[in-house]
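In the numbering used here, the protein residues as written are 45 to 585.
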């Protein structure tokens, strides 16, 4: 349908993507689609019970009564891989995250991983993925990006981002490069506050913007904005999402992006606690965004849609600007969604979606190429034969805003069991003194102790540091530490002589780690970020 044939209300509806609770279409989302002409849906874990249920939900949503049935819905989610994956259910390939791919540093693996993910998304009626994250993670204290990044080298991030974009879009799923102009060098999570990146224009062009330029060159369909202040581009203290200088002058005019610009969710505190969600929607469109994302609250979603309509009616926004955005949206829908409207129920309820014989070799190769041995000056590898091993495993009781709750049915104990006698001690990621002393006492019976650390929000917890230092006092150089998320943990206990980085904590990576620990696999990963002057980017034994 041409833009000229749509009413103002229909056009504004196309400029919103919204979420809803539940595993079936509720009355709220039905009303948004029927009465407010909603253009797209975002899924979260709350919407998923099984792959079969999700495929039916996608089909049901596309078939809901609406005034423009010929215009399909964007159906989207954040399926980045690794720790940010809304789909982690039976039948889904558990693909590694970006930093593991950065450690493997094989562009063909990154593209193959995106192809695999996109095939599965497509079979479930999902036509838009809010991935890849192309932020350059050059701040170890970053609380929200971390392992979502391919690393700290702009060129590596750019190349892997472009490979992922090619992979997703080759299978009919739109890719989204995020978070423009860069969320990697921040120490504040936009879900909770407003961060600033105070670098010069020259530095921003050479580092933060480089992956986005490569993404544009690769033909990325969408770019998602960051709720972050960039004084070099915008002298007023407003985030990029609301800045015309950033979205129109820089992204459109200077970098030449012709695709669709979408905001990150406006319910994040960086927007909702400053100007508010409805006002934020109007300001974002004024700045040059095409689609506004409001992920959670029905009342806020309706209020934002009405605010945009009122802004057009009073002349604050022009209908010509609305038309330009909607033309981009409709062009992308016509390009990508025409063949994905018809979902094949037989395919989408097959478990697994991708036969294991097809997916497993790829996931094993990524895992085996990403395990990084940072240090073994204590000579603990391979593990001694005939000696039982204690594995201290971090139970995830806390997560970042973008993570999904993780239920770990598989630990390093399971991976090591075929090779060694293994015992398990479970602690929290912020263990208290009671937990610490309990593990230390239990460890006295073992000569070999492996401590798995997990750091999601920039800095490792004081409890994990105390645990490792306490174990080190008893066991000394025989301690092995493995980081299972952000790799920077070693900086808090440099006395540890054997340290490995895994970048995630799921089965394929744990199996590869076990093979490294017992000497059946040579570690191949190289650090995608620098940890210190002793362990620079590219280091790996």
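Idealized CB from N, CA, C, for every residue including glycine. Just so we're clear, the structure is a prediction, and the values are computed from it rather than from any experiment.
Assumed close pair residue i, residue j - CB separation to whole angstroms, cut-off 8 Å
| i | j | result |
| --- | --- | --- |
| residue 457 | residue 440 | Not really, about 16 Å apart at Cβ, beyond 8 Å. |
| residue 344 | residue 556 | Contact flag wrong, Cβ pair sits at about 44 Å. |
| residue 464 | residue 493 | 13 Å between Cβ atoms; not a contact. |
| residue 148 | residue 410 | 6 Å |
| residue 44 | residue 272 | This structure does not reach residue 44, given that the chain is present from 45 up to 585, and the question cannot be answered. |
| residue 66 | residue 86 | In fact, because the Cβ distance is near 14 Å, the residues do not count as touching under 8 Å. |
| residue 310 | residue 337 | 7 Å |
| residue 209 | residue 264 | 5 Å |
| residue 131 | residue 119 | At roughly 13 Å, the Cβ-Cβ gap does not stay under 8 Å, so residue 131 and residue 119 are not in contact. |
| residue 91 | residue 107 | Between residue 107 and residue 91 the Cβ distance is about 17 Å, and since that is not below 8 Å, they are no contact. |
Continuous alpha helix (DSSP H) stretch holding residue i: start and end
| i | result |
| --- | --- |
| residue 368 | 363-380 |
| residue 458 | 456-460 |
| residue 87 | Note, residue 87: premise wrong, no alpha helix (DSSP H); beta strand (DSSP E) at 84-87. |
| residue 503 | From DSSP, residue 503 is part of no alpha helix (DSSP H); its letter is neither H nor E. |
| residue 337 | Here residue 337 belongs to no alpha helix (DSSP H); instead the beta strand (DSSP E) covers 336-338. |
| residue 80 | 71-80 |
| residue 326 | 321-331 |
| residue 482 | 477-487 |
| residue 347 | 342-357 |
As assigned by DSSP and simplified to three states, the class of residue i
| i | result |
| --- | --- |
| residue 205 | helix |
| residue 405 | helix |
| residue 543 | strand |
| residue 60 | strand |
| residue 565 | coil |
| residue 211 | helix |
| residue 495 | strand |
| residue 472 | strand |
| residue 438 | strand |
| residue 95 | helix |
| residue 55 | helix |
| residue 240 | strand |
| residue 466 | strand |
| residue 433 | strand |
| residue 428 | coil |
| residue 229 | coil |
| residue 530 | coil |
| residue 386 | With a pLDDT of only 47 at residue 386, under 50, the local geometry of the prediction cannot be trusted, and no value is derived from it. |
| residue 68 | coil |
| residue 110 | coil |
| residue 571 | coil |
| residue 398 | coil |
| residue 410 | helix |
| residue 577 | coil |
| residue 519 | helix |
| residue 317 | coil |
| residue 557 | helix |
| residue 453 | coil |
| residue 248 | helix |
| residue 514 | helix |
| residue 105 | helix |
| residue 550 | coil |
| residue 90 | helix |
| residue 584 | coil |
| residue 46 | coil |
Closer than 8 Å: residue i CB and nearest the ligand NAD heavy atom
| i | result |
| --- | --- |
| residue 238 | For the structure depicted, the ligand NAD is absent and the ligand set is empty, with no information on it obtainable. |
Extent of the continuous beta strand (DSSP E) to which residue i belongs
| i | result |
| --- | --- |
| residue 221 | 220-224 |
| residue 418 | 416-420 |
| residue 523 | 523-527 |
Check: Do the segment 200-211 and the segment 163-170 touch if we need at least three Cβ pairs shorter than 8 Å?
Finding: no
Next item on the list: With a floor of 3 residues, list each beta strand (DSSP E) that falls wholly inside the segment 114-201, ordered by position along the chain.
Entry: 118-121 and 123-125
Notebook entry, point to check: Within the chosen definition, does the segment 254-271 reach the segment 143-159 through at least 3 CB pairs nearer than 8 Å?
Noted result: no
Notebook entry, point to check: Okay, do the segment 394-407 and the segment 136-150 touch, 3+ Cβ pairs below 8 Å being the bar?
Noted result: yes
Margin query: For a minimum of 4 consecutive residues, which ranges assigned as the alpha helix (DSSP H) are wholly contained in the segment 251-312?
Written below: For secondary structure counted as the alpha helix (DSSP H) over 4 or more consecutive residues, the segment 251-312 holds these complete runs in sequence order: 254-261.
Check: At a cut of 8 Å, does the segment 369-384 reach the segment 294-310 through at least three beta carbon pairs?
Finding: yes
Check: Is the segment 544-558 touching the segment 413-422, taking contact as three or more C-beta pairs under 8 Å?
Finding: Segments in contact, yes.
Next item on the list: Inspect the CB distances between the segment 173-186 and the segment 206-222 and report whether three or more fall short of 8 Å.
Entry: Yes: the two stretches touch, three or more of their Cβ pairs being nearer than 8 Å.
Check: Is the segment 522-536 touching the segment 500-510 in the sense that three or more CB pairs, one from each, lie closer than 8 Å?
Finding: yes
Note to self: Would you call the segment 355-366 in contact with the segment 312-332, where contact means no fewer than 3 C-beta pairs closer than 8 Å?
What the structure shows: yes
Notebook entry, point to check: Does the segment 69-81 come close enough to the segment 89-96 that 3 or more CB-CB pairs lie under 8 Å?
Noted result: Flag = no, the segment 89-96 and the segment 69-81 do not touch.
Next item on the list: Indicate whether the contact test is met: 3 or more Cβ pairs, each with one atom in the segment 570-578 and one in the segment 476-484, closer than 8 Å.
Entry: no
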